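Asker: Got a structure for you, written out below as C-alpha cells; questions coming shortly.
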Amino acid sequence: MKSVFSFAQSLVLTVLLAFLLRFFVIQPFVVEGSSMEPSFSDREYIIIDKLSYRLREPQRGEVIVFHPPVDPTDNYIKRIIGLPGETVRVADGNVYINNNKLDEPYLSTDNRVTEAFNLKEPITLGPDQFFVMGDNRNHSSDSREWGVLPRQEIEGRTWFVALPTDRFHFITPPTYANEK
C-alpha cells in the first residue's frame, strides 16, 4: 500500500512540475510558413523561453512568439524591430528607427522589402508597444499590415531550434552596428 501511495505522490509531483514548466518557463512551438526564412523554416520545432520577459524587457532583434492582433487565438513568430517610444519607417527596402537606417545582418538581399511592402507613414510606438517583422519581408504578415504589437501579447522569445536535429541550435539575437 505504501508503494502505491509513493508512486501516486511521485506521479502528481511530476505532472505538477511539467505543468509549471510548460505554462510558465518553456513552451514548444512549430513554425508555420515561410515568413521567417532563412532564419527559421516551415515545420521547424522550436522551444520558447517564457521566463526572460518576466525579468527584463524584450530587445531589438530578438525573435518572439506572440498572439497577433488580427487573430488572438493564433501564434506568430517574428523579429522585434521597433521598441517602445521609437519611430519606425520602412522605405526603399530599408528599415529606419528614429530616422537612422537599421543594419539587419540576418536578411539576405532576396528578403529586402519591395516597394509594395513599405510603410505609407512612419509609426511612433507608445509605451509597451513593439513593431515586429518577418525576416522574409515580402512574404510576412506583420506590423506593416496590422500595426503595433502590445507587450501583453508576447508569449516569449525563441530559445532554440529542437527539430529537425540537423538544424538544432541555440538562438542568439543579432548585434546591430548602429546600437550600443
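Okay, so the sequence shown: first residue is 405 according to the numbering used here, each after it adds one. C-beta: ideal position from N, C-alpha, C; glycine also. Everything numeric in this text was worked out from a predicted model, so none of it was measured.
(1) For alanine 495, tell me which candidate among Pro531, Arg548 and Tyr480 has the shortest Cα-Cα distance.
(2) Touching or not, the region 449 to 467 and the region 407 to 424, by the rule of three or more beta carbon pairs under 8 Å?
(3) Nearest CA to the CA of phenylalanine 433: which residue from Met537, Phe427, Arg555 and Glu448?
(4) Determine, using beta carbons only, whether valine 469 and isoleucine 484 come nearer to each other than 8 Å.
(5) Beta-carbon within less than 7 Å of lysine 584's beta-carbon, same chain only, minus the 5 sequence neighbours each way: which residues are those?
(6) According to DSSP, what are the bridge partners of methionine 537?
(7) Between which two residues does the beta strand (DSSP E) containing tyrosine 500 stretch?
(8) According to DSSP, which residues form a beta bridge with proline 432?
(9) Figure out for me which residue from Ser545, Tyr510 and Phe564 has the closest Cα to the Cα of isoleucine 575.
(10) Valine 492 to serine 456, Cα distance in whole Å?
(11) Less than 8 Å separating the beta-carbons of serine 414 and glycine 538?
(12) How would you write the range of the alpha helix (DSSP H) that arginine 548 sits in, first residue to last?
(13) Can you name the start and end residues of the beta strand (DSSP E) that leucine 459 belongs to?
(14) So what's lysine 406 in DSSP terms, helix, strand or just coil?
(15) Would you kindly work out how many angstroms separate the C-alpha atoms of alanine 566 and proline 577, rounded to a whole number?
(16) How far does the beta strand (DSSP E) with isoleucine 575 in it extend, from its first residue to its last?
(17) Do glutamine 533 and leucine 511 have their CB atoms nearer than 8 Å?
(18) Quick check on this structure: which residue in Lys406, Ile450 and Val536 has the alpha carbon closest to the alpha carbon of threonine 569?
(19) Spatial neighbours of proline 472 within its chain, please: CB distance less than 7 Å, with the 5 preceding and 5 following residues excluded, ordered by chain position.
Answerer: So, from the listed chains and residues:
(1) Arg548
(2) Between the region 449 to 467 and the region 407 to 424, the count of C-beta pairs closer than 8 Å stays below three; the two stretches do not touch.
(3) Glu448
(4) no
(5) With a pLDDT of 49 at lysine 584, under the threshold of 50, the modelled position of this residue cannot be trusted, and the question is left open.
(6) Arg483
(7) 498 to 501
(8) DSSP lists Ile451 as partners of proline 432.
(9) Among Ser545, Tyr510 and Phe564, the Cα nearest to that of isoleucine 575 belongs to Phe564.
(10) 25 Å
(11) no
(12) Its alpha helix (DSSP H) spans residues 547 to 550.
(13) Premise fails: leucine 459 lies in the alpha helix (DSSP H), 456 to 459, not in any beta strand (DSSP E).
(14) helix
(15) 17 Å
(16) Boundaries cannot be given for isoleucine 575, as no beta strand (DSSP E) includes it and DSSP labels it neither H nor E.
(17) No, the Cβ-Cβ distance between glutamine 533 and leucine 511 is not below 8 Å.
(18) Ile450
(19) Asp478, Tyr480 and Trp550
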